[in-house]
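2 protein chains.
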Amino acid sequence: MAITFELIKQCSKTGARAGRLYTPHGVFETPIFMPVGTQATVKAMSPDELKAMGAGIILSNTYHLYLRPGHELVAEAGGLHGFMHWDRGILTDSGGFQVFSLGPLRKITEEGVAFRSHIDGSKHFLSPEKATEIQMALGADIIMAFDECVPYPAEYDYAKASTERTTRWAERCKKAHTRKDQALFGIVQGGMYKDLRAMSARDLVAMDFPGYAVGGLSVGEPKPLMYEILEYTVPLLPANKPRYLMGVGTPDCLVEGVMYGIDMFDCVFPTRVARNGTVMTSRGKLVVKNAEYARDFRPIDPDCECYTCRNFSRAYIRHLLKAEEIFGLRLTTIHNLHFLLNFMRNMRKAILEDRFLAFRQEFRAQYQLH
Amino acid sequence: MAITFELIKQCSKTGARAGRLYTPHGVFETPIFMPVGTQATVKAMSPDELKAMGAGIILSNTYHLYLRPGHELVAEAGGLHGFMHWDRGILTDSGGFQVFSLGPLRKITEEGVAFRSHIDGSKHFLSPEKATEIQMALGADIIMAFDECVPYPAEYDYAKASTERTTRWAERCKKAHTRKDQALFGIVQGGMYKDLRAMSARDLVAMDFPGYAVGGLSVGEPKPLMYEILEYTVPLLPANKPRYLMGVGTPDCLVEGVMYGIDMFDCVFPTRVARNGTVMTSRGKLVVKNAEYARDFRPIDPDCECYTCRNFSRAYIRHLLKAEEIFGLRLTTIHNLHFLLNFMRNMRKAILEDRFLAFRQEFRAQYQLH
Numbered sequence: 001m002a003i004t005f006e007l008i009k010q011c012s013k014t015g016a017r018a019g020r021l022y023t024p025h026g027v028f029e030t031p032i033f034m035p036v037g038t039q040a041t042v043k044a045m046s047p048d049e050l051k052a053m054g055a056g057i058i059l060s061n062t063y064h065l066y067l068r069p070g071h072e073l074v075a076e077a078g079g080l081h082g083f084m085h086w087d088r089g090i091l092t093d094s095g096g097f098q099v100f101s102l103g104p105l106r107k108i109t110e111e112g113v114a115f116r117s118h119i120d121g122s123k124h125f126l127s128p129e130k131a132t133e134i135q136m137a138l139g140a141d142i143i144m145a146f147d148e149c150v151p152y153p154a155e156y157d158y159a160k161a162s163t164e165r166t167t168r169w170a171e172r173c174k175k176a177h178t179r180k181d182q183a184l185f186g187i188v189q190g191g192m193y194k195d196l197r198a199m200s201a202r203d204l205v206a207m208d209f210p211g212y213a214v215g216g217l218s219v220g221e222p223k224p225l226m227y228e229i230l231e232y233t234v235p236l237l238p239a240n241k242p243r244y245l246m247g248v249g250t251p252d253c254l255v256e257g258v259m260y261g262i263d264m265f266d267c268v269f270p271t272r273v274a275r276n277g278t279v280m281t282s283r284g285k286l287v288v289k290n291a292e293y294a295r296d297f298r299p300i301d302p303d304c305e306c307y308t309c310r311n312f313s314r315a316y317i318r319h320l321l322k323a324e325e326i327f328g329l330r331l332t333t334i335h336n337l338h339f340l341l342n343f344m345r346n347m348r349k350a351i352l353e354d355r356f357l358a359f360r361q362e363f364r365a366q367y368q369l370h
Numbered sequence: 001m002a003i004t005f006e007l008i009k010q011c012s013k014t015g016a017r018a019g020r021l022y023t024p025h026g027v028f029e030t031p032i033f034m035p036v037g038t039q040a041t042v043k044a045m046s047p048d049e050l051k052a053m054g055a056g057i058i059l060s061n062t063y064h065l066y067l068r069p070g071h072e073l074v075a076e077a078g079g080l081h082g083f084m085h086w087d088r089g090i091l092t093d094s095g096g097f098q099v100f101s102l103g104p105l106r107k108i109t110e111e112g113v114a115f116r117s118h119i120d121g122s123k124h125f126l127s128p129e130k131a132t133e134i135q136m137a138l139g140a141d142i143i144m145a146f147d148e149c150v151p152y153p154a155e156y157d158y159a160k161a162s163t164e165r166t167t168r169w170a171e172r173c174k175k176a177h178t179r180k181d182q183a184l185f186g187i188v189q190g191g192m193y194k195d196l197r198a199m200s201a202r203d204l205v206a207m208d209f210p211g212y213a214v215g216g217l218s219v220g221e222p223k224p225l226m227y228e229i230l231e232y233t234v235p236l237l238p239a240n241k242p243r244y245l246m247g248v249g250t251p252d253c254l255v256e257g258v259m260y261g262i263d264m265f266d267c268v269f270p271t272r273v274a275r276n277g278t279v280m281t282s283r284g285k286l287v288v289k290n291a292e293y294a295r296d297f298r299p300i301d302p303d304c305e306c307y308t309c310r311n312f313s314r315a316y317i318r319h320l321l322k323a324e325e326i327f328g329l330r331l332t333t334i335h336n337l338h339f340l341l342n343f344m345r346n347m348r349k350a351i352l353e354d355r356f357l358a359f360r361q362e363f364r365a366q367y368q369l370h
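Here it is as structure tokens:
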């Protein structure tokens, strides 16, 4: 099997767990946060900077790479690893999420989805087979089944039909997938309906995927509802397989996700807000672009050991952002990714020492959500 | 004296020379190319990347830093060195060039120049005393006298009056300058008129500056005319002082400048064209953004040892540029700066081995200008 998961420690009071993910490009400790490199680059970062902060697996995007530069070109370059000069883990999503987000630009049938490119309006068709073929060409360590992310809110009937189709598509992806050095993960859907989540989980688990994602959360629903569905869904997944919560990456959601037993996360959040001038600290977010930091010569976070905090002040970073200098985006991105990766390492340590609930409590006492 | 210049080797056949510049922030080998960091950052680069490629002195900009974030703020941060975390040499220009480029937004009198900010339209006044005060606050190792860069073309009478005023302003800068750890350089003007160049050089040399710049070249005149004026002007400057040709940085002009006896250069050229997708190689420029490089998996320059060429292909870089990814701008900028710094090192080696003319000949045989 391309990917194996080793469960190292189960929290005695919650679902939280520490593990190890064995991939063809290294062994990675879980719970893990995966930085997003949509277009074969984590925005503003070099592979070496990612390594220096301990990034293990990064995520890249089937939809975007299929359109530009094209998956055949990436395959010629030696796959994504060779193309972008990244020798650690890569996960590609199936492109489903992006295609479905196109709204009026796409049409869904049982066969797949017809859509127009957001770049040049050209016509394309993505099916479970095509999404799998593209992902095999891209050559990531972990690839995802082609699914529909049920929107929120969704009527029960729509959610049911969509979820059943996602299951049929997962079956087709599994048949189409022939690369033994890649792991294909299934994605549990079902919207906000517990019986549909149960149905989806049951059907996908029966197909015996090497890992499972929980999709269709963090799509606009209230956080308590997301947590409720998560708490309900995770125990339906096998304990000996990695569990991946898609599109979630704020510190508060990461803690809750880990508590419910999630091992893997990805989100554009830390890199996107960084480019807008918002950085994370152990006390909450800080909008370093704000005027109040103009003459603040302290680092973003005095306790942080990232390249940014070791060498540069809030005042300098604010100046760079106001002057629209690229280096400002680099510095905030470095800090935010370092912060989150370190946050995950600290959570893992707490799990290993069986004090995860205390960690969560401290975090919630200290971290200002807004 | 803050800056001293040691002449190591004089070419036996041309004016080319190799030397060493001693500054409060290190000793730098000349001829030297100084990357431009207009707003207290060399666009897209980190200080560490600049150091890794052997950059010695960088240039920053009085006009821009005065307007944003303000020179008092920079002074509070420990000067430019502390503010931008750069412990090697810094040179600041006087702001004159930028202010005069504002066109209708500025008005010149004997006292100085009234102008409006290009950022918010606010009113400001820059004089020799003010430009010197700002540069003392910024704290660069080398600062420049406040001058008018005579435009091209210019009537004789205008050029004469302007050049005489620049000389009076240089005198005022010298009086205003009190920091002993900084060197103030004079700037020779005179437009394309040899007698005015002679007058300017004579008057400035009489003031005994620790270094001299040749200004007002590369402002739109044909290259042969620039070379003619340069060849005429440089011998008017003292051999024991560093000579700086402002705003010149294409490989062909660097070779000619060195041949005529210039020690220091700066230009936005390598970083600006990099961001537009043009890179330099030993055979001339290469527009890596072009479609012909879409499937070209070779490095930009197979002979280059920069971070970009060691790790990334033309195809990947082209993809990043087409997708408007920041990392693409970083990779082309790294390559171009590395190329130019290495080019200067090779020229210096040729001078030391007294084979500069052969180096020039080889370069001209190989390098495609267009």
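Just so you know, the sequences run in chain order F and X.
According to the UniProt record's numbering, the residues represented by the first sequence are 1 to 370, in order.
According to the UniProt record's numbering, the residues represented by the second sequence are 1 to 370, in order.
Beta carbons are placed, not taken as given, at the ideal position from N, Cα and C, and that holds for glycine.
Between Glu292 of chain X and chain F, the shortest Cβ-Cβ separation is not below 8 Å.
Below the 7 Å Cβ cutoff, chain X contributes Lys43, Ala44, Ile326 and Leu329 as neighbours of Ile326 of chain F, in chain order.
Residues of the same chain with a CB within less than 6 Å of the CB of Ile143 of chain F, apart from the 5 flanking positions on each side, are Thr92, Gln135, Gln182 and Leu184 in chain order. For Arg106 of chain X, the three-state secondary structure derived from DSSP is strand.
DSSP places Leu65 of chain F in the uninterrupted alpha helix (DSSP H) bounded by Thr62 to Leu67. For Gln39 of chain X, the closest C-alpha among the options X:Pro69, X:Asp203, X:Asp141 and X:Leu225 is that of X:Pro69. The stretch 85-135 of chain X is shown to contain whole alpha helix (DSSP H) runs of 4 or more residues at 96-100, in chain order.
Val234 of chain F sits buried, since 16 or more C-beta atoms from the chains shown fall within 10 Å of its C-beta.
Within chain X, no residue has its CB atom less than 7 Å from the CB of Ala55 of chain F, the nearest being about 15 Å off. The closest CA to that of Asp141 of chain F, considering only F:Ser117, F:Cys304, F:Ser313 and F:Ala2, is found on F:Ala2.
Interface flag for Ala40 of chain X against chain F is set, since a Cβ pair is found closer than 8 Å. Note on geometry: alpha-carbon atoms of Glu49 of chain X and Val287 of chain X lie some 23 Å from one another. For a Cβ distance threshold of 7 Å, residue set Tyr316 of chain X lies close to Met84 of chain F, ordered along the chain. From the listed residues X:Gly139, X:Ile326 and X:Trp169, the smallest Cα separation to Leu126 of chain X is found for X:Trp169.
In this structure, the straight-line span from the alpha carbon of Trp86 of chain F to that of Met192 of chain X is close to 53 Å. Using a Cβ distance threshold of 8 Å, Met34 of chain F and Leu7 of chain F do not count as a contacting pair. Apart from sequence neighbours up to five positions away, the residues of its chain that approach Leu320 of chain X with a beta-carbon distance below 6 Å are Phe327 and Gly328, ordered along the chain.
Nearest to Ala52 of chain X by C-alpha distance, out of X:Glu353, X:Tyr367, X:Glu221 and X:His338, is X:His338. The beta carbon of Ala16 of chain F lies closer than 6 Å to those of Val258, Met259, Ile351 and Phe356 in the same chain, with the five residues before and after it left out. What Lys322 of chain F touches in chain X, judged by beta-carbon distance under 9 Å, is Arg68 and Pro69, going in chain order. Secondary structure note for Ala183 of chain X: its beta strand (DSSP E) is the uninterrupted segment Ala183 to Val188. Taking 8 Å as the cut-off, the beta carbon of Ala294 of chain F is found closer than this to the beta carbon of Ala315 of chain F. Shown here, Gln39 of chain F sits in coil according to DSSP, grouped into three states, outside any helix or strand. When DSSP assignments are scanned along the stretch 179-229 of chain X, the uninterrupted stretches of alpha helix (DSSP H) that are 4 or more residues long and fall wholly within it turn out to be 194-206. Considering only beta carbons, the part of the stretch 286-311 of chain X lying closer than 9 Å to chain F consists of Ala294, Arg295, Phe297, Tyr307 and Asn311, in chain order. Taking a contact as a CB-CB distance under 8 Å, the pair Ser218 of chain F and Gln189 of chain F does not count as one, their CB atoms being some 13 Å apart.
Per DSSP, reduced to three states, the secondary structure at Met280 of chain X is strand.
Considering only X:Pro238, X:Asn276 and X:Phe343, the residue with the shortest C-alpha distance to Arg283 of chain X is X:Phe343. Residue burial annotation: Asn61 of chain X is buried, with at least 16 other C-beta atoms found within 10 angstroms of its C-beta. Using a Cβ-Cβ cut-off of 8 Å, Leu73 of chain F counts as an interface residue toward chain X, since at least one Cβ of chain X sits closer than that to its own. Residues of the same chain with a CB within less than 7 Å of the CB of Ala201 of chain F, apart from the 5 flanking positions on each side, are Val188, Thr233, Leu236 and Leu237 in chain order. Counting the other Cβ atoms within 10 Å of the Cβ of Thr167 of chain X gives 16 or more, which makes it buried.
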